[in-house]
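Data block below; observations after.
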Amino acid sequence: MTEGAHLLIVDDERAIAAMLDQYFSMEGYKTTVASDGRDALSAVDAAARGALSPIDLVLLDVNMPDMDGFATCKLIRERLACPIIFLTARVEDADQLDGFAAGGDDYVLKPFSLQVLGSRVRAHLARESRREDPSARVWFGGNLSIDYAQRSVQISRGDGAEVQRLDLTRTEFDIVALLSKKPGRVYDRTFIYEQVWGWNADGDASIVREHVRRIRKKFAEVGLEDDPIETVWGVGYRWGLQ
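For any residue, its number in my numbering is found by taking its place in the sequence shown, counting from 1, and adding 3.
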């Protein structure tokens, strides 16, 4: 996916937008530049209509007039599932939580190195490409694997000869699959509930906490040292293993 991927660059500072456009174009990417949130949403809608090629990743400035990056991200996330990287000079924890809650995947602080930003973009696109094949078994952290087609989670030990399969319920696997397909992305409990149980389910998002507790217990029972599900206090959960 990296070669020829389509990047949407959103920044109200024309010099920065032009610099990013030139750099990523020279790196072989397709690029579309938007000067504000409304322009960005127009580009997303154009891609949905087929007027532009599908957008594979969004570089999104946080500090923009009228509609800031967080508000723009929420609206983009309603339309796209691709990675969104915030470009920001704001480093407070609260800002990061706001960004993750809005649906962002990563932060790059201004001023940034183009080479570093390029590496982050490639990493996200490569990871996204790896998730696109639902029949593939994906390995996390060296000894945990998920087979999305077979709906199984396995832990291997030593040289891999000893393999133990987790006994997950349908709902538990659906939660693991949702989180693991986008490592590092933070999902709030309401979103997880809506995705796993359905929009019209009769219940409460607080039930997600109990299911995550059970999943963690099952991971611990098979001796997995690192809990792959991380709690982001005040927001929700994310998959911590790459």
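The beta carbon of each residue, even a glycine, is placed where N, CA and C say it ideally should be.
* Asked: Would the segment 112-119 and the segment 78-85 be scored as touching if the rule is three or more Cβ pairs under 8 Å?
  -> No: fewer than three Cβ pairs fall under 8 Å.
* **Within the segment 53-95, ranges of the beta strand (DSSP E) (whole runs, at least 3 residues)** => Listed in chain order, they are 60-64 and 87-91.
* Identify, in the order they occur along the chain, each residue of the same chain with its Cβ nearer than 8 Å to the Cβ of H127, setting aside the five sequence neighbours on each side. => Answer for H127: L60, P86, I88, D108 and D109, listed in chain order.
* Asked: Excluding sequence positions up to five away, which residues of its chain have a Cβ less than 6 Å from the Cβ of V36?
  -> Shown here for V36: same chain residues with a beta carbon closer than 6 Å to its own, the five before and five after excluded, namely I12, A20 and D24 in chain order.
* Should E131 go down as buried or exposed, given a rule of 16 or more other Cβ atoms within 10 Å for buried? -> Burial call: buried.
* With a CB to CB cut of under 7 Å and the five nearest residues on each side skipped, what residues in its chain are close to S155? -> Within the same chain, R168 come within 7 Å of S155 by CB-CB distance, once the 5 residues on both sides are set aside.
* Looking only at DSSP bridge pairs, what is R41 linked to? -> Note: R41 is not bridge-paired with any residue in the DSSP secondary-structure output.
* **First and last residue of the uninterrupted beta strand (DSSP E) at R140** => First-last of the beta strand (DSSP E) with R140: R140 to F143.
* Asked: Would you report the Cα separation of G239 and R123, rounded to the nearest angstrom?
  -> If you take the alpha carbons of G239 and R123, they lie about 24 Å apart.
* To do: May I ask you to report which of helix, strand or coil DSSP gives V189?
  => Look at V189 here: in three-state DSSP terms it is coil, with no helix or strand label.
* Determine contact between the segment 229-245 and the segment 182-191, defined as no fewer than three beta-carbon pairs at a distance below 8 Å. => A contact exists between the segment 229-245 and the segment 182-191.
* According to the Cβ coordinates, are D64 and D15 closer than 8 Å? -> Cβ distance < 8 Å, so D64 and D15 count as in contact.
* Please list, in chain order, all residues of the same chain as E233 whose beta carbon is under 6 Å from its beta carbon, the five residues on each side excluded. => R241 and G243, listed in sequence order.
* Asked: Just curious, the beta strand (DSSP E) that Q245 is in, first and last residue?
  -> Counting along the chain, no beta strand (DSSP E) covers Q245, and no H or E run does either.
* How would you call L112, buried or exposed, if buried means at least 16 neighbouring beta carbons within 10 angstroms? -> With fewer than 16 other beta carbons inside 10 angstroms of its own, L112 counts as exposed.
* If you count every other CB in all the chains shown that lies within 10 Å of the CB of A43, and 16 or more means buried, which is it? -> Answer is buried; the Cβ neighbour count reaches 16.
* Asked: Distance, Cα to Cα, E225 vs I158?
  -> Position check: residue 225 holds Val in this sequence, whereas Glu was assumed. Rounded to whole angstroms, V225 to I158 spans 8 Å at the Cα level.
* Asked: Which one or two residues does DSSP pair with D150 in a beta bridge?
  -> Per DSSP, R140 and S155.
* To do: Assign A50 to buried or exposed, taking buried as 16 or more other Cβ atoms, counted over all protein chains shown, within 10 Å of its Cβ.
  => Buried.
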